[in-house]
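J.: To get the numbering used here, take the position in the sequence shown, counting from 1, and add 7. Let me give you the structure first, and then I'll get to my questions.
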Amino acid sequence: MTTQITAEDVEAYLGTRENSPTMSDTVDAAVDLVESWKSTPQEKWPPRWRRGCIMLAARMDRRRNSPAGVDTMGEIGVVYVSRKDPDIAQLLEIGDFSKPIAR
């Protein structure tokens, strides 16, 4: 049984005390998304799903600072925010990391 994920959990993961005004909404959206993927309420998630959701919320928050998907511009050109994060997929058991289902 896990505790509710809060904006403070994500800010601690990010190592910031930014207190983003949108962080609570971002956390709510991430939790809602993962609950819809898993068909399991947050209170029953294993620790790896909780960590994956925190990482997803952090990624979503970072994405708000790059609306066009551009992370940085350097000497070699534009660096885009990655579309996929295999660590999050592995923790949440989605995509290539989904468990097989017998039908």
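Here a beta-carbon is modelled for each residue, glycine too, at the ideal position from N, C-alpha and C.
Identify whether Thr79 lies in helix, strand or coil by the three-state DSSP scheme.
T.: Note: Thr79 maps to strand in three-state DSSP.
J.: Just to confirm, is the Cβ distance from Arg70 to Val41 under 7 Å?
T.: Not closer than 7 Å, so no.
J.: Hey, quick one: how far does the alpha helix (DSSP H) through Gly59 stretch, first residue to last?
T.: Counting along the chain, the alpha helix (DSSP H) containing Gly59 begins and ends at Pro54 to Arg70.
J.: Could you check what DSSP says for Gly22 in three-state terms: helix, strand or coil?
T.: Coil at Gly22, not helix or strand.
J.: CB-CB under 8 Å to Met67, same chain, minus the five flanking residues each way: which ones, in chain order?
T.: Counting only Cβ-Cβ distances below 8 Å, and skipping sequence neighbours, we find Thr33, Ala36 and Ala37.
J.: Kindly indicate which residue of Pro93, Asp92, Ala75 and Lys91 has the alpha-carbon position closest to the one of Val85.
T.: Looking at the Cα atoms, Ala75 is the closest of the given residues.
J.: On a CA-only basis, which of Trp52, Arg24, Asn26 and Ala14 is nearest Glu100? Give me that one, please.
T.: Measuring from the Cα of Glu100, the nearest candidate turns out to be Trp52.
J.: With DSSP run on the structure shown, which of helix, strand or coil describes Val88?
T.: If DSSP states are grouped into helix, strand and coil, Val88 belongs with coil.
J.: Hey, out of Ile12, Trp44 and Gln11, whose CA is closest to Gly102's CA?
T.: For the residues Ile12, Trp44 and Gln11, the minimum Cα distance to Gly102 belongs to Trp44.
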